[in-house]
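For the sequence shown, the working numbering gives the first residue as 8, with consecutive numbering after it.
Just below is one structure, and these are the notes that go with it.
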Amino acid sequence: MDNPTPPQKPVQLLNDLESIRQLLGDEQIEPPLLVDSLDPDSIPLLSEIVTPPPRPATPAPRPSIAPTAQTLRETVSQSISRDSELNRLDSELRAAAELILQDVLDDFVPKIEAELKRRLDARLSRLLPPRR
Numbered sequence: 008m009d010n011p012t013p014p015q016k017p018v019q020l021l022n023d024l025e026s027i028r029q030l031l032g033d034e035q036i037e038p039p040l041l042v043d044s045l046d047p048d049s050i051p052l053l054s055e056i057v058t059p060p061p062r063p064a065t066p067a068p069r070p071s072i073a074p075t076a077q078t079l080r081e082t083v084s085q086s087i088s089r090d091s092e093l094n095r096l097d098s099e100l101r102a103a104a105e106l107i108l109q110d111v112l113d114d115f116v117p118k119i120e121a122e123l124k125r126r127l128d129a130r131l132s133r134l135l136p137p138r139r
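Take a look at the structure:
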């Protein structure tokens with residue numbers, strides 16, 4: 008029959024934990040991410056790709072006639088329709104961005120889970136004795 012092992016003293020437990028920490032090494036406190044191999048300098052900036060349009064040499068002439076009530080109403084209605092169009096485009100872009108993010112997550116979560124399981128198995132095999 009198995010003999011129960013006497014409870015270890017806290018000092019001995021601390022020493023065991025310290026030896027495990029030294030065994031694992033503390034130079035990498037967190038495991039590297041799967042994207043650590045990506046060189047951030049290889050990603051171009053938007054300003055490097057897109058050049059701003061040239062500015063006109065002369066400012067646009069302003070109308071000399073005072074705006075009438077009709078032109079003011081038209082301007083306001085155009086502004087309102089432009090704002091509603093911008094709001095609609097904004098909500099469409101946000102929905103598309105959420106779909107893209109979900110697709111990326113769906114693609115990478117299984118890979119991340121597999122990598123974490125592989126690392127956990129490797130660490131457990133080093134820390135725990137093999138089963139008999």
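Just so it is clear, CB atoms sit at the ideal spot from N, CA and C, and this is done for glycine as well.
In chain order, each alpha helix (DSSP H) run of at least 4 residues that lies wholly inside the segment 59-139: 76-134
For residue 114 and residue 137, the rounded distance between their alpha carbons: Sequence index remark: in the sequence shown, residue 137 carries index 130 (1-based). Sequence index remark: in the sequence shown, residue 114 carries index 107 (1-based). Near 34 angstroms, if we compare the C-alpha coordinates of residue 114 and residue 137.
Whole-angstrom distance between residue 124 and residue 29, CA atom to CA atom: Residue 29 sits at position 22 when you count from the first residue of the sequence shown. Residue 124 sits at position 117 when you count from the first residue of the sequence shown. Straight-line Cα distance between these residues: approximately 22 angstroms.
C-beta atoms of residue 134 and residue 56 nearer than 8 angstroms: For the purposes of this step, residue 134 is taken as residue 127 along the sequence shown, with counting starting at 1. For the purposes of this step, residue 56 is taken as residue 49 along the sequence shown, with counting starting at 1. For residue 134 and residue 56, no; Cβs fall outside 8 angstroms.
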